[in-house]
Structure formats: structure tokens, C-alpha cells
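Notes for the one structure printed next.
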Amino acid sequence: MNDVNWDDIRAFRLVADLGSLSGASRRSGISAATIGRKILRLERKLGSALFEKTQTGYVLTSFGRQLHERTRAMAITASELSIWRDRVLDLPLVTIAAVPEIQYLLARHIRELWSPEDNFRIAFEGHVPSRHLEHDKSSLLITPMRPEAGNLKVSHLGSLRERAYVRKDFNQTKDCNWIGFRPDAEAAVDKHLERLGEGVWVTIWASTFEGLVALVQNGAGRAVLPNAIGDADEALVVAEGLNPQTEKPLFLVSHSDESAQVEIAQLKRRLTVLLTKALSQSPADEAAE
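Sequential numbering from 42 applies to the sequence shown in the working numbering.
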């Protein structure tokens, strides 16, 4: 039955349950003629009559009764999926805007942030100016720039520290390769590598942060990563030589009018716990002390 049209099965079950084309038409909103054509198409496909037409309406044949019974579980599953879909689409949607490296970090810890049991949905998007929240109140912004104006609530999460990492077995003495990150095709340089000066030789450019991490993990060279990501990866080590650590503050911003909404408040609490923990002193730093 894999090649049978499910719309035809639905039409068949409606006629079987209601006993007439007109009843099935009223229930489905499809014309009786269209339903009749669906039944005929299904009968031709299966090679057997499904109904007998009597004075009181449409009665299932023996084959029709078997088909009705066999498709019962399919109908229940389809109904459950429809109910689930409608319920999910009615759930509030909260947007979390952040730079790529923070999105990557959140994705790795998604079960600390959200679960299928939550009564809200999440959408990740790129970093936006804080004024964006004036128009989209159901958004949360994670930004290194503290907003100075607007009807916004701001909390300091900590500092995002970054430095260069490399795969453990990469020959740092012989090979001087660096990996650049350029998500914007118009960008001329990698802002993270630009500060390192002339000693950086970029041989591979990544256009996504996921690609950047994968390239480092697979031994393509050195790359600047947040400590929270580099220190947590057992395949990587802190790169030797030219490698100053930098840090920048991170703020969690929301619209004041929406901060009391259950889903907004819940996500803010979880984001604060998750990121405060991730941005705190890393294992590599503790070992160095």
C-alpha cells in the first residue's frame, strides 16, 4: 500500500464512516464528485470494489471492510500528528539573536536551554542591533555591546574569552597555517586574526563557525575560538607562540514589556545559568594556575 494516495484513503474512510458521498463532502469540504473520483481511483489501484451502493447509502464490501480495518491505525496516527502539529504551531516563538560562536555554544548545550516538553519554540538568528528589540519584543539578544538607550532590560553574563587553538597532533614547529573566519563575503580580513599582525598566514577560510571548528579539529591549522569551546574539546590544545588571549563582555538584553512573559523569563534564567557557567574560568586556565 506504499503507492496508495493517502488523500484517497481519507476519502474512503469518510464515506465508510458516514455512509454517503454527501456526508463525506460536508465533513471534508470537498465536493461529492471529487470524493467519488477518489474512491474510483482507489478501487482501480487496489483492483477490487470497496462499496456497494444501496437505497440507504454506501455499504462496505468484504474487501472494503478489510481495508477500513487495516487503515485504522494509519488514521489514528495521522490524527495525532495533526493535533500535535496544530498545538506546536500555536506555541509562542522566542528568537535568540547572537553572534555565530554563541549560537554554536548554545546548540551544543541545547538540552540545558530547551526540551520538547517546553511550551514554547526557539529560533536562532544572527546578531542584531539592540534597537531591533523595540519592534520585536519576543526576542532575546546576546551582545558584547551594552545598550545605552531604549525600554530594555540588560544583565551582564560575563566575559567571552578567546585565543588560538590547534589539533594536538598538528606540527606547530614545522607548519604555520592559520584558519580564517569570514562569515561575510564582503569582509576583507578576519577581525580575530587581524590583531595578531604579520605573523599570521591564513591558508583556509571558513564561512561558517561550524566549518571553522571542524577545520581545526581535522588538523587544518590554528584558529581563534572561544575558550569555552576550545578548552572543552579534548582533541585541541592551546596554540603555541603568537597567541594573546582577548576578552569582551557579554550582555543579555530583552524588552522590558515582555520580560515577565513566562517563556521569556524561563529562557532568560536558563541562558544566564548556561552562559555564566560556560564563560567562567575554563579547565585550561585552572590547570595553569
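Every residue, glycine too, gets a C-beta built ideally from N, C-alpha and C.
- Following the DSSP letters along the chain, one finds residue 220 inside the beta strand (DSSP E) bounded by residues 218-222.
- Listed in chain order, the non-local C-beta contacts of residue 244 below 6 Å within the same chain comprise 218, local neighbours out to five positions each way being set aside.
- The DSSP assignment places complete beta strand (DSSP E) segments of no fewer than 3 residues inside the stretch 179-207 at 180-184, in order along the chain.
- Distance between residue 269 and residue 319, taken at the CA atoms: about 6 Å.
- Per DSSP, the continuous alpha helix (DSSP H) segment holding residue 309 begins and ends at 303-320.
- Using a 10 angstroms sphere on the CB of residue 264, the tally of other CB atoms reaches 16 or more, which defines it as buried.
- Residue 250: member of the alpha helix (DSSP H) spanning 250-258, first to last residue.
- Within the stretch 77-123, the complete alpha helix (DSSP H) segments of 4 residues or longer fall at 103-111, listed in chain order.
- Using a Cβ distance threshold of 8 Å, residue 70 and residue 99 do not count as a contacting pair.
- Under DSSP, residue 165 shares a beta bridge with 137.
- For residue 246, the pairing in a beta bridge is given by DSSP as 221.
- In the structure shown, the three-state DSSP call for residue 214 is coil.
- The continuous beta strand (DSSP E) containing residue 295 extends over residues 287-296.
- Ranked by Cα distance from residue 201, the options 290, 62, 280 and 108 are led by 290.
- With fewer than 16 other CB atoms across the displayed protein chains lying within 10 angstroms of its CB, residue 74 is exposed.
- With fewer than 16 other CB atoms across the displayed protein chains lying within 10 angstroms of its CB, residue 78 is exposed.
- Taking C-beta atoms as the reference points, residue 191 and residue 171 count as a pair closer than 8 Å.
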